[in-house]
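Written below as structure tokens is the structure these notes are about.
In our numbering, the protein residues as written are 0 to 189.
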């Protein structure tokens, strides 16, 4: 995956390759477990790095960024799958969130282009990695877990439920893009 390009007005573009082709079936429970795994592994790596010297530098930042990128790709795959299977959307677009975040996603074979807008002031929302994990990632994961459990109870996903899930996935994409940018362009405190 390339670096995310962001202009001063907050327009961004991110390109990369997914282990997914449009229209492929995925095992939904397994894919959700993969997302949870990456979040837990990232939190564990962060704890380990903080225990050593209390700083995030060099290779530690690079390793955390790899987790962020894997999460981004896993969420994009889930977003594409849900949109295709349940909403018959070829290329999902977010509903603009209250933060001003919006995006469009295009997939060509396995290559994707994610482009959109982020309010530039949002890049300073989380001053530390710990704050980001505790105030954004973990609550969103819990919200998504509660939503997916509720929607899968009857074994059927409706269009309304998928729209609801996609909104939470969009929030997760937003927070991951913020931290991806921040960890690349700013020095990170614990």
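No residue lacks a Cβ here, since even glycine has one placed at the ideal position from N, Cα and C.
Fewer than three beta-carbon pairs drawn from the segment 98-111 and the segment 44-54 are found closer than 8 Å, and the two stretches are therefore not classed as touching.
Look at the beta carbons and you see the segment 11-20 touching the segment 68-76: at least three pairs across the two are nearer than 8 Å. Judged by beta-carbon spacing, residue 182 lies beyond the 8 Å limit of residue 24, meaning their Cβ atoms are not closer than that value. Residue 165 sits buried, since 16 or more C-beta atoms from the chains shown fall within 10 Å of its C-beta. From the listed residues 28, 1 and 58, the smallest Cα separation to residue 150 is found for 28. Annotation: the continuous beta strand (DSSP E) that includes residue 13 extends over 10-16. When DSSP reads this structure, residue 115 sits in a beta bridge with 11 and 102. Per DSSP, the continuous alpha helix (DSSP H) segment holding residue 149 begins and ends at 137-151. Secondary structure of residue 29 (DSSP, three-state): helix. The shortest C-alpha to C-alpha distance from residue 168 to any of 26, 155, 138 and 66 is the one to 138. Across the structure, residue 61 and residue 33 are spaced so that their CA atoms are roughly 20 Å apart. DSSP lists no bridge partner for residue 161. Per DSSP, residue 78 is one residue of the alpha helix (DSSP H) stretching across 57-81.
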